[in-house]
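Using this note's numbering, the first residue of the sequence shown is number 12, and each one after it goes up by one.
Just so you know, even glycine gets a beta-carbon here, dropped at the ideal spot from N, CA and C.
Since the structure comes first, as structure tokens, the remarks are kept for the end.
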Amino acid sequence: MRLLVLGGTRFVGRAVVDHALALGVEVTLFNRGQSAPGLYPQLETVIGDRTVDVDALAGRRFDLVVDCAGYGPGVVAISADALRDSVDRYVFVSSVSVYADQSVPPVEGAAVLDDDSYGGRKAACEQVVQHCYGDRALIARPGLIVGPHDWTDRFAYWPRRFRRPGPVLAPGDPADPAQFVDVRDLAAFLVGATADGAHNVVGSPMPMADLLAACRAATGGDHEIRWVSTMDLLAAGVDPWMGVPLWIGDPRWRAANLVDGSRARAAGLTTRPVAETIDAVLAGDRGPRNGREPLSAEDERRLLGG
Ligand SMILES: NC(=O)c1ccc[n+]([C@@H]2O[C@H](COP(=O)([O-])OP(=O)(O)OC[C@H]3O[C@@H](n4cnc5c(N)ncnc54)[C@H](OP(=O)(O)O)[C@@H]3O)[C@@H](O)[C@H]2O)c1
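Right under this line is the structure:
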């Protein structure tokens with residue numbers, strides 16, 4: 012298989028490349044050569060700026076293109092149009108953020124946003140790809156993506172938190188759902204699936220209490236876990252999105268962690284045990300981005316009442 016990866020050097024694209032290489036796939040990258048030059052010296056990297064053109068790919072043929080990081084329909088139209096006759100399949104990495112209503116569990120047929128938000132723009136990108144490729148297009152809609160090289164602290168905060176002593180603030184209710192997909196499982200789906208159309212690429216929802224217990228077990232800790240209700244967190248002025256990582260305090264987003272992933276599972280998505288993700292995150296951890304945790308130790312102590 013000849014695979015073209017648009018992007019490929021940050022997080023999702025990197026996992027796609029690593030997965031494809033492990034399968035023995037012939038991989039070509041297209042990017043500006045800025046984010047991580049030299050990351051894959053053994054691979055051909057075609058240099059170009061996709062916001063301008065992808066002319067440097069003219070005359071090339073690929074079985075599959077994985078478009079990892081398209082954020083606007085105008086830019087995605089450039090590659091989708093240019094590659095129409097030279098790739099068999101176009102796989103676009105979208106997001107569950109396309110769904111207009113996150114207060115009910117999102118399924119693929121549900122209404123999508125039609126505005127200038129991140130999700131609305133992703134939905135417009137999807138339409139561009141669908142229009143050009145029809146049943147040769149796979150639209151992957153991941154929820155929260157976690158695992159190696161995730162540069163955000165949303166998931167990593169939790170395993171890391173159990174490396175510090177002291178009672179751990181847990182947000183909301185122990186039964187509140189957490190939902191994510193390991194980037195390596197997403198990558199396997201992007202490269203291997205033969206289905207077409209939109210697919211929610213998510214893991215099964217798991218109780219937040221189970222996720223925290225798995226983090227504690229992975230670090231060998233015996234921390235006390237203290238739950239602070241959503242009402243109390245909101246009353247204390249904590250940001251209902253990022254104030255405590257993975258906590259969803261806004262009722263309009265109450266189903267954001269209850270996304271139905273059955274269509275992707277039927278199309279071949281498999282998800283690994285959470286312990287594997289936690290171990291990989293701990294093994295590759297280089298501390299919080301910008302040196303600051305999303306919830307500082309001081310704020311955690313204050314919210315726990317001293
Ligand atoms: N993180 C999450 O939880 C989450 C959830 C749902 C969906 N998503 C989606 O997952 C994707 C994440 O993408 P990623 O950043 O991890 O992908 P990536 O392919 O690993 O990295 C981005 C790539 O794009 C290249 N690039 C950036 N600007 C470019 C340009 N103008 N022309 C050509 N190449 C360019 C970068 O290289 P150069 O800089 O060298 O050009 C880099 O290789 C996004 O589509 C996001 O919407 C993320």
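Beta-carbon contacts of residue i that lie in its chain and below 6 Å, excluding the five residues immediately before and after
| i | result |
| --- | --- |
| A198 | A26, V27, H30 |
| D310 | none |
| P153 | V192, L197, V212 |
| L11 | Since the first and last residues shown for the chain are 12 and 317, residue 11 lies out of range. |
| Y101 | V76, V140, Y144, A148 |
Whether residue i touches residue j by CB criterion (8 Å)
| i | j | result |
| --- | --- | --- |
| A277 | F200 | no |
| L245 | V255 | no |
| I58 | G44 | yes |
| L155 | P216 | no |
| W238 | A181 | yes |
| L15 | F73 | yes |
| Y82 | R21 | no |
| C79 | G18 | yes |
| P84 | V139 | yes |
| F103 | E137 | yes |
| V109 | L124 | yes |
| S105 | R61 | no |
| D99 | L75 | yes |
| A267 | V115 | no |
| V23 | V249 | no |
Exposure of residue i, with buried meaning 16 or more beta-carbon neighbours within 10 Å
| i | result |
| --- | --- |
| M219 | buried |
| W264 | exposed |
| V86 | buried |
| A209 | buried |
| P262 | exposed |
| S240 | exposed |
| D187 | buried |
| A134 | buried |
| E235 | exposed |
| E55 | exposed |
| G120 | exposed |
| N42 | buried |
| G316 | exposed |
| R300 | exposed |
| G183 | buried |
| A286 | exposed |
| T282 | buried |
| V202 | buried |
| G214 | buried |
Cβ neighbours of residue i in the same chain (closer than 7 Å, five flanking residues each side left out)
| i | result |
| --- | --- |
| I289 | P170, A225, C226, A229 |
| G232 | F173 |
| A247 | L314 |
| A204 | L149, A278, G279 |
Spatially closest choice to residue i from the options, by CA coordinates
| i | options | result |
| --- | --- | --- |
| R297 | T205, D161, F173, H234 | D161 |
| L280 | A286, A151, P305 | A151 |
| E304 | S108, D164, V38 | D164 |
| D96 | D207, C143, V292, N42 | C143 |
| A291 | V157, D271, D207, G214 | V157 |
Interface flag, residue i vs chain B, CB-CB below 8 Å
| i | result |
| --- | --- |
| Y129 | Reference to chain B is not applicable here, since this structure consists of a single protein chain. |
Sequence-distant residues of the same chain with beta carbon closer than 8 Å to residue i, five excluded per side
| i | result |
| --- | --- |
| T39 | R13, L14, L15, V16, L54, E55, T56, V57, R71, F73 |
| R312 | G177 |
| D146 | D207, G208 |
| L50 | T20, R25 |
Cβ-heavy atom distance, residue i to ligand 2, below 7 Å
| i | result |
| --- | --- |
| I89 | Only ligand 1 can be found as ligands here, which leaves ligand 2 out of the picture. |
Note to self: Give the list of continuous alpha helix (DSSP H) stretches no shorter than 4 residues that lie fully inside the region 58-105.
What the structure shows: 84-94
Next item on the list: Any chance you could list the beta strand (DSSP E) runs of at least 3 consecutive residues sitting entirely within the region 178-235, in chain order?
Entry: 179-182, 208-212
Margin query: Restricting to runs no shorter than 4 residues, where is the alpha helix (DSSP H) found entirely within the region 135-179?
Written below: 168-172
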